[in-house]
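> Can you keep this structure in mind? I'll have questions shortly.
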Amino acid sequence: INKLSEDSLKMKYLNDLSYKSISRADSLFFRKVNHQTSTLATKLNDSAALAEAKWDLGIFLKDTGLKDSTYFYYNQALAIYSKSLGNISNSMNEYQRAIEFYNNASEYLDSITSTESNRVSIINNIGVSYNYLENFEKAEQNFMEVVNSDSLKYKNPSFYAKALTNLANTKSELKRKED
Numbered sequence: 416i417n418k419l420s421e422d423s424l425k426m427k428y429l430n431d432l433s434y435k436s437i438s439r440a441d442s443l444f445f446r447k448v449n450h451q452t453s454t455l456a457t458k459l460n461d462s463a464a465l466a467e468a469k470w471d472l473g474i475f476l477k478d479t480g481l482k483d484s485t486y487f488y489y490n491q492a493l494a495i496y497s498k499s500l501g502n503i504s505n506s507m508n509e510y511q512r513a514i515e516f517y518n519n520a521s522e523y524l525d526s527i528t529s530t531e532s533n534r535v536s537i538i539n540n541i542g543v544s545y546n547y548l549e550n551f552e553k554a555e556q557n558f559m560e561v562v563n564s565d566s567l568k569y570k571n572p573s574f575y576a577k578a579l580t581n582l583a584n585t586k587s588e589l590k591r592k593e594d
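Rendered as structure tokens:
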């Protein structure tokens, strides 16, 4: 597998190997493959593969009796799945449903220690959904929360710029609506 280029085929093989090696007696092998899977999934921006790797790790840890860690990785996987379902719903013009999935993802993230970037991404997506629903007041609230999040301007300037653009467009719609 290591000789394959870092693409979707390698991702598929690593993902399968991660799942199939959960019950092997060689826990070091599982950990190595699972880590490679997570790393490549992150690099390829493959949220489904990343969620599956987190889920596999949860299963593995459940068998070792580490319940807190099991819960942590299951919730990470569920947050990723819910966010992905929100993205899919948005692309299908099912904006209210997307908001529900994003809120589910947010709840899963609230139950674990998560990075701020995951949270602001979900809040931004909720704002986008409200924009599509022409609920510009709620969209503005969400975009304001993103723009005001701790150090986003420095940690992720391109995402900050995207959020500012979303906020500006929403404020423009609100002003147009008032006129």
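Numbering (our numbering), first residue to last: 416 to 594. Note that CB positions come from ideal geometry on N, CA and C, so glycine has one too.
1. Three-state secondary structure (DSSP) at Ala-464?
2. State the Cα-Cα distance for the pair Ile-537 and Ala-494, rounded to the nearest angstrom.
3. Just the Cα atoms here: how many angstroms apart are Ser-442 and Asn-546?
4. Between the alpha carbons of Lys-482 and Tyr-488, how many angstroms are there, rounded?
5. Which residue from Asn-571, Glu-515, Ala-440 puts its Cα closest to that of Glu-531?
6. Tell me whether Thr-528 sits in a helix, a strand or coil according to DSSP, three-state version.
7. Where does Asp-594 fall in DSSP's three states?
8. On the three-pair Cβ rule with 8 Å, is the stretch 466-486 touching the stretch 430-441?
9. With Asn-449 as the anchor, note down where its alpha helix (DSSP H) starts and where it stops.
10. Please report the residue range of the alpha helix (DSSP H) in which Asp-483 lies.
11. Have a look at Ile-503, Tyr-486, Leu-582 and flag the residue whose alpha-carbon is nearest the alpha-carbon of Tyr-517.
12. Could you tell me which of Lys-447, Glu-552, Leu-424, Ser-433 sits nearest to Leu-459, measuring between CA atoms?
13. Please report the distance separating the alpha-carbon of Glu-555 from that of Thr-580.
14. Do the CB positions of Ser-497 and Asn-533 come within less than 8 Å of each other?
15. Between the C-alpha atoms of Glu-552 and Gly-542, what's the straight-line distance to the nearest angstrom?
16. Looking at the secondary structure, which residues open and close the alpha helix (DSSP H) in which Asn-571 lies?
17. Gln-511: which of Val-535, Lys-586, Ser-544, Ser-526 sits nearest, CA to CA?
18. Helix or strand or just coil, what does DSSP make of Ile-437?
Reading off the structure:
1. The residue labelled residue 464 in the question sits at position 49 within the sequence shown. Of the three classes helix, strand and coil, the one that applies to Ala-464 here is helix, per DSSP.
2. Against the sequence shown, residue 537 aligns to sequence position 122. Against the sequence shown, residue 494 aligns to sequence position 79. For Ile-537 and Ala-494, the distance between alpha carbons rounds to 10 Å.
3. Indexing the sequence shown from 1 puts residue 442 at position 27. Indexing the sequence shown from 1 puts residue 546 at position 131. Taking the straight line from one Cα to the other gives about 47 Å.
4. Locating residue 482 in the sequence shown gives position 67, where the first residue counts as 1. Locating residue 488 in the sequence shown gives position 73, where the first residue counts as 1. Tyr-488 has its alpha-carbon roughly 10 Å from the corresponding atom of Lys-482.
5. Start at 1 with the first residue of the sequence shown, and residue 531 comes out as number 116. Cα-wise, what sits closest to Glu-531 is Asn-571.
6. Against the sequence shown, residue 528 aligns to sequence position 113. Looking at Thr-528 - three-state DSSP - the assignment turns out to be coil, as it is neither helix nor strand.
7. Position 179 of the sequence shown, counting from 1, holds the residue named residue 594. Asp-594 falls in the coil class under three-state DSSP.
8. Look at the beta carbons and you see the stretch 466-486 touching the stretch 430-441: at least three pairs across the two are nearer than 8 Å.
9. As a working note, residue 449 is residue 34 in the sequence shown. Following the DSSP letters along the chain, one finds Asn-449 inside the alpha helix (DSSP H) bounded by residues 442-459.
10. Walking along the sequence shown from the start, residue 483 turns up at place 68. Counting along the chain, the alpha helix (DSSP H) containing Asp-483 begins and ends at 482-506.
11. As a working note, residue 517 is residue 102 in the sequence shown. Measuring C-alpha to C-alpha distances from Tyr-517 to each of Ile-503, Tyr-486, Leu-582 identifies Ile-503 as the nearest.
12. Position 44 of the sequence shown, counted from the start, is the residue given in the question as residue 459. Closest by alpha carbon: Leu-424.
13. As a working mapping, residue 555 is identified with position 140 in the sequence shown. As a working mapping, residue 580 is identified with position 165 in the sequence shown. Rounded to the nearest angstrom, the two C-alpha atoms are 11 Å apart.
14. To locate residue 497, count along the sequence shown from 1; it is residue 82. To locate residue 533, count along the sequence shown from 1; it is residue 118. No, these two residues do not count as a Cβ contact at 8 Å.
15. Walking along the sequence shown from the start, residue 552 turns up at place 137. Walking along the sequence shown from the start, residue 542 turns up at place 127. Across the structure, Glu-552 and Gly-542 are spaced so that their CA atoms are roughly 9 Å apart.
16. Counted from its first residue, the sequence shown places residue 571 at position 156. Per DSSP, Asn-571 belongs to no alpha helix (DSSP H) and is neither H nor E.
17. Residue numbering aside, residue 511 sits at position 96 when the sequence shown is read from its first letter. If we check each option's Cα against that of Gln-511, Ser-544 comes out closest.
18. As a working note, residue 437 is residue 22 in the sequence shown. Coil at Ile-437, not helix or strand.
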